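Quick note: the sequence shown uses full-length UniProt numbering, first residue 1, plus one each step. Inspection log for the structure reproduced underneath, given as C-alpha cells.
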Amino acid sequence: MGFTPLAGTRAPVRVWTDPYAIEPQAAKQLRNIGALPWVQGVAVMPDVHFGKGATVGSVIAMRQAVSPAAVGVDIGCGMSAVRTSLTAADLPDDLAGLRSAIEATIPVGFAQRKDSVDTRRIRGLEQAGWDDFWGRFASLDRRVAQLETRAQRQIGTLGGGNHFIEVCLEQGGADEGRVWLMLHSGSRNIGKELAERHIGVARGLPHNADLPDRDLAVFLAGTPEMDAYRRDLWWAQEYARRNRAVMLALLCGVVRKHFPQVGYDEPISCHHNYVSEESYDGVDVLVTRKGAIRAGRGDLGIIPGSMGTGSYIVRGRGNTDAYCSASHGAGRRMSRGQAKRTFSTEDLAAQTAGVECRKDAGVVDEIPGAYKDITEVMAQQEDLVEVVAHLKQVVCVKG
Numbered sequence: 001m002g003f004t005p006l007a008g009t010r011a012p013v014r015v016w017t018d019p020y021a022i023e024p025q026a027a028k029q030l031r032n033i034g035a036l037p038w039v040q041g042v043a044v045m046p047d048v049h050f051g052k053g054a055t056v057g058s059v060i061a062m063r064q065a066v067s068p069a070a071v072g073v074d075i076g077c078g079m080s081a082v083r084t085s086l087t088a089a090d091l092p093d094d095l096a097g098l099r100s101a102i103e104a105t106i107p108v109g110f111a112q113r114k115d116s117v118d119t120r121r122i123r124g125l126e127q128a129g130w131d132d133f134w135g136r137f138a139s140l141d142r143r144v145a146q147l148e149t150r151a152q153r154q155i156g157t158l159g160g161g162n163h164f165i166e167v168c169l170e171q172g173g174a175d176e177g178r179v180w181l182m183l184h185s186g187s188r189n190i191g192k193e194l195a196e197r198h199i200g201v202a203r204g205l206p207h208n209a210d211l212p213d214r215d216l217a218v219f220l221a222g223t224p225e226m227d228a229y230r231r232d233l234w235w236a237q238e239y240a241r242r243n244r245a246v247m248l249a250l251l252c253g254v255v256r257k258h259f260p261q262v263g264y265d266e267p268i269s270c271h272h273n274y275v276s277e278e279s280y281d282g283v284d285v286l287v288t289r290k291g292a293i294r295a296g297r298g299d300l301g302i303i304p305g306s307m308g309t310g311s312y313i314v315r316g317r318g319n320t321d322a323y324c325s326a327s328h329g330a331g332r333r334m335s336r337g338q339a340k341r342t343f344s345t346e347d348l349a350a351q352t353a354g355v356e357c358r359k360d361a362g363v364v365d366e367i368p369g370a371y372k373d374i375t376e377v378m379a380q381q382e383d384l385v386e387v388v389a390h391l392k393q394v395v396c397v398k399g
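Pasting the structure below:
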C-alpha cells in the first residue's frame, strides 16, 4: 500500500492507513507530535487509535530526547509465541480441561502469586542473568522501593485487559493445523508505576511548559532526569521480556503434561511498547514504538487480532520509511465503555464461536467487534511485513 503523508506537520508524519479514517482525537495527537522540535519523524501504523499523550500505533523518532508517554505505561508490553510439533488431530474435542489447566498454572487478571516463582525449577527457561536482574531493583526510582516483593510475585502472571494466552492452529499451507502457543503481556504493575512516576517528572520540567499536550513532555539527553528514566526503562523492558519467558515456559509445561510427545521450535518474542536506539540516514535517534513492533529486514514478529479472529506471524521487510516497524495488532475501533454499551454476552458467544474461552460480561469489552478488521490491517502494511503463518485460536485465556 505504501504511506500517505499527514498534512500540516513540521516533521514528516507518514500514515499506513487512510488519513481521513483516523479518529479526530488521534489525528490531533499526531499533529501535536509532529510539531515537537525534537521529532525527526513519525510513522503511523494501520491499527492507529487514540491514546494518552501519544497515539497507540505510532512510531516516533526523536533526536536527543524521548517522551515517556510515547512508550505507554505498560513498558515492554509485547508478544511471545512458539510452534509445537502437535497438530489439530492431537487435540481433544473438548478443550475446557486444557484451558482450566493453563488458568490454574498462570495467574490472570489482578492476581499475583503467594510467593515469587522459583525460576530455577522451570523447565526450558533461560537461567542466565536472573540474580543480576533482581540485584538492579535497588537502583530504580526510590519511590518504587516498596514494590519489590509485588514485582517478584507478579513475574509469570498475565494481567488483564487485552492480555491473553492462546492455543492456536496454523491456517493453510504445508503446516495446516499445526499447533502454536501464544501470549500477550507486559511489565505488570511495576512497569506502570515506573512509567507514571517519570511522566510526572517530565511534566514539571521547564522546557515542557509550552507543549500542545502536557502528556507529550520529554526528557532531554545529558540530563539526570533522562538518565534516570533510561535506567528504569531498560529494567522494565527486561522485566516484561522475562515475564513472558516465564509464562511461555510454564505454558509449554502445561501442554507437555497433556501431550508428553510434544516438541517445541525456537520461541519468537517481540516488544510493542518500548524504546530503541537506532540510526536512519546517518542520524542517531531514540525510537519509541507505542503499539508497534520492530520489523527490520528478516525480523520475526507477532501481530494478533482479537480473541475470535486469529493472528499472524510475520517477517519484517526493513522499510525505513516506517522506521522498520509494523502494527502490533488489529487496534481498537471503539473504547471499552462503548463496547460494553454496544455488545451483549450473546454477541460475545456468537463472535467467539469455536473458541474455548470466557464468554461472560467481564470480557465483553474485548469482543472481536470492538477491534478493527485484522485482515484489512494486514493488507495496509504489505510493504512493512510478509506473512509467515496465519493462526486461529481454539483456546483463549483472558484476565
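From the three backbone atoms N, C-alpha and C, an ideal C-beta is built for every residue, glycine too. Source: prediction; values computed, not measured.
Query: Does the structure place the segment 168–187 close enough to the segment 51–63 that three or more beta carbon pairs sit under 8 Å?; Result: no
Query: What would DSSP say about Tyr229, mapped onto helix, strand or coil?; Result: helix
Query: Can you tell which of Val44, Ala11, Val42, Val66 has the C-alpha that lies nearest to the C-alpha of Met226?; Result: Val66
Query: In this structure, what does DSSP give as the bridge partners for Asn273?; Result: Lys290
Query: Measure the C-alpha to C-alpha separation of Gly161 and Trp134 and round it to an integer number of angstroms.; Result: 27 Å
Query: Determine, using beta carbons only, whether Ser58 and Lys290 come nearer to each other than 7 Å.; Result: yes
Query: Just the Cα atoms here: how many angstroms apart are Val39 and Pro206?; Result: 18 Å
Query: Answer with buried or exposed for Pro24, where buried requires no fewer than 16 other C-beta atoms within 10 angstroms of its C-beta.; Result: exposed
Query: How would you write the range of the beta strand (DSSP E) that Lys340 sits in, first residue to last?; Result: Taken as a continuous stretch (DSSP letters only), Lys340 belongs to no beta strand (DSSP E), being part of the alpha helix (DSSP H) at 336–342.
Query: Are the segment 242–261 and the segment 177–195 in contact at 8 Å, needing three or more beta carbon pairs?; Result: yes
Query: With which residues is Trp180 paired in a DSSP beta bridge?; Result: Arg83, Cys168
Query: Can you tell which of Ala96, Gly191, Leu158 has its C-alpha closest to the C-alpha of Leu140?; Result: Gly191
Query: Around the C-beta of Pro224, are 16 or more other C-beta atoms found within 10 angstroms, so that it is buried, or is it exposed?; Result: exposed
Query: Would you check if the distance between the CB atom of Gln152 and the CB atom of Ser185 is smaller than 7 Å?; Result: no
Query: In this structure, how does DSSP classify Ser325 when only helix, strand and coil are distinguished?; Result: strand
Query: Could you tell me the distance, in whole angstroms, from the CA atom of Glu148 to the CA atom of Tyr239?; Result: 12 Å
Query: Would Lys372 and Ala326 be called neighbours here (beta carbons separated by less than 7 Å)?; Result: no
Query: Using CA atoms only, rank isn't needed, just tell me which of Ile75, Ala35, Ala26 is closest to Trp234.; Result: Ile75
Query: Does the beta-carbon of Tyr20 have 16 or more other beta-carbons within 10 angstroms, so that it is buried, or is it exposed?; Result: exposed
Query: Assuming Pro368 and Ser306 are in contact, meaning their beta carbons sit under 8 Å apart, how far apart are those beta carbons, in whole angstroms?; Result: 4 Å
Query: Rounded to whole angstroms, what is the Cα-Cα separation between Ala26 and Phe110?; Result: 29 Å
Query: For Arg297, which residues from the same chain have a beta carbon less than 7 Å from its beta carbon, with the 5 sequence-adjacent residues on both sides left out?; Result: Gly316, Arg317, Gly318
Query: Of all the options Cys357, Asp365, Ala370, Gly362, which has the alpha carbon lying nearest to the alpha carbon of Asp94?; Result: Cys357
Query: Would DSSP call Ile199 helix, strand or coil?; Result: helix
Query: If you drop the 5 nearest sequence neighbours on each side, which residues of the same chain put their C-beta closer than 6 Å to that of Ser276?; Result: Val287
Query: Please work out which residues of its chain come closer than 6 Å, Cβ to Cβ, to Thr17, disregarding the five sequence neighbours upstream and downstream, and give them in chain order.; Result: Pro46, Gln380
Query: Using alpha carbons as the reference points, say which of Gln29, Pro37, Val42 lies closest to Phe3.; Result: Val42
Query: On the DSSP letters alone, give me the boundaries of the beta strand (DSSP E) that Arg332 sits inside.; Result: No beta strand (DSSP E) holds Arg332; DSSP gives it neither H nor E.
Query: Return the Cβ separation of residue 401 and Asp215 in integer angstroms, given the expectation that the two are a contact with Cβ distance under 8 Å.; Result: Nothing in the structure corresponds to residue 401, since the chain is present only between 1 and 399.
Query: Is there at least one Cβ from chain D nearer than 7 Å to Tyr264's Cβ?; Result: Absent from the structure is chain D; it holds one protein chain and no more.
Query: Could you pull the start and end residues of the beta strand (DSSP E) that Cys62 belongs to?; Result: Strictly speaking, residue 62 in this sequence is Met, with Cys absent from that position. Taken as a continuous stretch (DSSP letters only), the beta strand (DSSP E) holding Met62 covers 56–62.
Query: Would you tell me roughly how many angstroms separate the C-alpha atoms of Arg31 and Val314, rounded to the nearest one?; Result: 30 Å
Query: What separation, rounded to the nearest whole angstrom, lies between the Cα atoms of Gly8 and Val15?; Result: 13 Å
Query: Do Gly399 and Leu98 count as a contact pair if the criterion is CB distance below 7 Å?; Result: no
Query: DSSP beta-bridge partners for Gly78?; Result: Ser185, His271
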